[in-house]
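Chains as they are written, first to last, in my numbering: chain C, 618 to 933; chain G, 618 to 933.
Here it is as structure tokens:
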């Protein structure tokens, strides 16, 4: 009979198009991980319990039932249970207080962490699901402006130990739809290595504050005119677009007062976008610092400990 | 034997995804028209001559060979012949001087009208193919700021009898890709009638000059937050998006100095977009006037007369 360590936990980051589970030791170390493309949108009949059971079967076999902490779109309208958003400003304890739990057939308990909403956003409250764990994982002890790159990038302000406010930019979505469905999909050629010069040129155009140079809708046409003029070869188009769109996000964020030249911003993420956002931040005259790649796991674990300190959360 | 009127002409507007031919009387009246979806991108093997011959066969049968004047993407790299762009500032005579002709097997002559480029655009020269005929058709005798709605909307300045400069906005392309390929394609429902209130709300948000309200990348997320908050029903999403994007075009154009509140702008086009642009212009505090729907035919015809006055254009 195997002796299971007392305080193993499972951290679940179950999003729209990906499934990621982490087995975490009592000390907070990642012991094992399971990743797949089975996001919530591809779960047949909404049978999340069966998909989860199959995915973590090896861990259950080795360790028996374990507490599971889940963040992300799994707690949304299209997920397993729909949790109301916790309002900003919010501490990690506010999030812990608004978790909901479900007891599974095997006897383990899954705790869902709520997303956040920012009622100060105009014209509708802004929302996030999952990124709040990255912010908690970065830590709320120091005031900061944080950029979380993604399909829907978030800019968040940490102030006085709370997530004060945040705003969403559809940067990755625009990049993706234009890459796949504009003339780029016909003429762009994947470069052998990322074309950093093209990214920089695109970002510099987007960051320009010359009003005569227009805004995003006119700057995006530079892809076509640059291609037609022979100035942007097919291998450069995608990186130029990436620079243009990420640069536009920084310009919008700076115009909206999130930060100004010389300010420090913290970039938090775990994929290739982090390096691009770091580069763009420098081009924008900011002083970027990179947050921990495992911020989401750290944050979920911090909330888990607060949930356990509070006693069992309310069932869903 | 039928007696053909002496001065019939054919005006051809052959674009990427549509074919339109007009039979024009000596007085400039549209006598007949042929339209199809056979744009230049769907011409097998680039055999434009055969597609044209089949399309206008009834006119040739009735009237014999006729002079043909062609504008639009048919004169581009992906078209029949690639004409260099004429540079701005340009008069209609400048365009006439840079036409190129081709004699067809049946003995008729086709004259291609060049597009325009604006070398003052940053970072690459801006370009148009086809819209220059709409500007000529509107008339260059009065100074004006002209908006030409479309997949790639154009703003142009007419000054001292010339097309002085212009700039492109990828408004229709962004609207199209987001309508078809974002979450809208899953949740939006076509309304029974256009939702004018939703269009207005979207445009007002986009026209807001409150910097804290962000720019286009963050305002586009309002579609999702408004939907989540129950404030934007599925039937309103597409019109709200339309207002947001067209409003963003006006805001960019105004910030770039194309016009200011109180100014007159002329909207030229022949489809449903004209009414939307007229409405958005009013919301932006402008005084819009509507140009003739047949501006493209009028302009092509004006250039045709100048070509004929100059004698035969150079062969391609």
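Ideal Cβ placement from N, Cα and C applies to all residues, glycine included.
C-beta neighbour in chain C for residue i, strict 7 Å
| i | result |
| --- | --- |
| residue 779 (chain G) | no |
| residue 749 (chain G) | no |
| residue 634 (chain G) | no |
| residue 621 (chain G) | Any answer about residue 621 (chain G) is weak, because its pLDDT of 43 lies below 50 and its placement is not dependable; what the coordinates show is given next. Answer no: the Cβ-Cβ gap between residue 621 (chain G) and chain C never drops below 7 Å. |
| residue 891 (chain G) | no |
Neighbour flag for residue i against chain G, beta carbons, 7 Å
| i | result |
| --- | --- |
| residue 838 (chain C) | yes |
| residue 842 (chain C) | yes |
| residue 688 (chain C) | no |
| residue 856 (chain C) | no |
| residue 740 (chain C) | yes |
| residue 618 (chain C) | Confidence at residue 618 (chain C) is low in this model, with a pLDDT of 39, below 50, so its placement is unreliable and the value that follows should be read with caution. Chain G contact via Cβ: absent. |
| residue 926 (chain C) | no |
| residue 822 (chain C) | yes |
Buried versus exposed, by CB contacts within 10 Å (16 or more), residue i
| i | result |
| --- | --- |
| residue 622 (chain C) | With a pLDDT of 46 at residue 622 (chain C), under the threshold of 50, the modelled position of this residue cannot be trusted; read the value that follows with caution. By the 10 Å Cβ count, residue 622 (chain C) comes out exposed. |
| residue 872 (chain C) | exposed |
| residue 899 (chain G) | exposed |
| residue 748 (chain G) | buried |
| residue 652 (chain G) | exposed |
| residue 881 (chain G) | exposed |
| residue 803 (chain G) | exposed |
| residue 644 (chain G) | exposed |
| residue 701 (chain C) | exposed |
| residue 720 (chain G) | exposed |
| residue 884 (chain C) | buried |
| residue 638 (chain G) | buried |
| residue 563 (chain G) | Residue 563 (chain G) lies beyond the residue range present for chain G, which begins at 618 and ends at 933; the question has no answer from this structure. |
| residue 723 (chain C) | exposed |
| residue 632 (chain G) | buried |
| residue 806 (chain C) | exposed |
Inter-residue CB distance, residue i and residue j (contact presumed, cutoff 8 Å)
| i | j | result |
| --- | --- | --- |
| residue 657 (chain C) | residue 627 (chain C) | That pair is no contact at about 17 Å. |
| residue 717 (chain C) | residue 930 (chain C) | 6 Å |
| residue 772 (chain G) | residue 870 (chain G) | 5 Å |
| residue 892 (chain C) | residue 853 (chain C) | Wrong, their Cβ atoms sit about 18 Å apart, outside the cutoff. |
| residue 685 (chain G) | residue 765 (chain G) | So it is not a contact: roughly 24 Å between Cβ atoms. |
Beta strand (DSSP E) segment containing residue i, residue limits
| i | result |
| --- | --- |
| residue 652 (chain G) | 647-653 |
| residue 694 (chain G) | From DSSP, residue 694 (chain G) is part of no beta strand (DSSP E); its letter is neither H nor E. |
| residue 883 (chain C) | 881-884 |
| residue 773 (chain C) | 770-776 |
| residue 858 (chain C) | Segment 854-872 is the alpha helix (DSSP H) holding residue 858 (chain C); no beta strand (DSSP E) there. |
| residue 686 (chain G) | 685-688 |
| residue 717 (chain C) | 717-720 |
| residue 638 (chain G) | 636-641 |
| residue 744 (chain G) | 743-745 |
First through last residue of the alpha helix (DSSP H) which encompasses residue i
| i | result |
| --- | --- |
| residue 816 (chain G) | 813-824 |
| residue 676 (chain G) | 674-680 |
| residue 844 (chain G) | 839-845 |
| residue 709 (chain C) | 709-714 |
| residue 788 (chain C) | 788-798 |
| residue 751 (chain G) | 748-755 |
| residue 759 (chain C) | Element bounds for residue 759 (chain C): n/a, residue is neither H nor E. |
| residue 923 (chain C) | 912-927 |
Neighbouring residues, chain G, relative to residue i (Cβ below 9 Å)
| i | result |
| --- | --- |
| residue 786 (chain C) | 831, 832, 834, 835, 837, 838 |
| residue 900 (chain C) | Within 9 Å Cβ-Cβ: nothing; residue 900 (chain C) doesn't reach chain G, min ~15 Å. |
| residue 794 (chain C) | 791, 794, 795, 797, 798, 799 |
Listed by chain order, chain G residues near residue i by CB distance under 8 Å
| i | result |
| --- | --- |
| residue 873 (chain C) | 828, 829, 830, 831, 832, 835 |
| residue 867 (chain C) | Going along chain G, no residue has its Cβ under 8 Å from residue 867 (chain C), so there is no contact; the nearest lies around 10 Å. |
| residue 846 (chain C) | 741, 742 |
Within chain C, the residues that residue i reaches when beta carbons sit closer than 9 Å
| i | result |
| --- | --- |
| residue 725 (chain G) | Those within 9 Å of residue 725 (chain G) in chain C number zero; the least Cβ separation is about 30 Å. |
Where residue i meets chain G, residues with beta-carbon distance less than 7 Å
| i | result |
| --- | --- |
| residue 769 (chain C) | 838 |
Within-7 Å CB hit, residue i to chain D
| i | result |
| --- | --- |
| residue 892 (chain G) | The chain inventory of the structure shown lacks chain D, comprising the protein chains C and G. |
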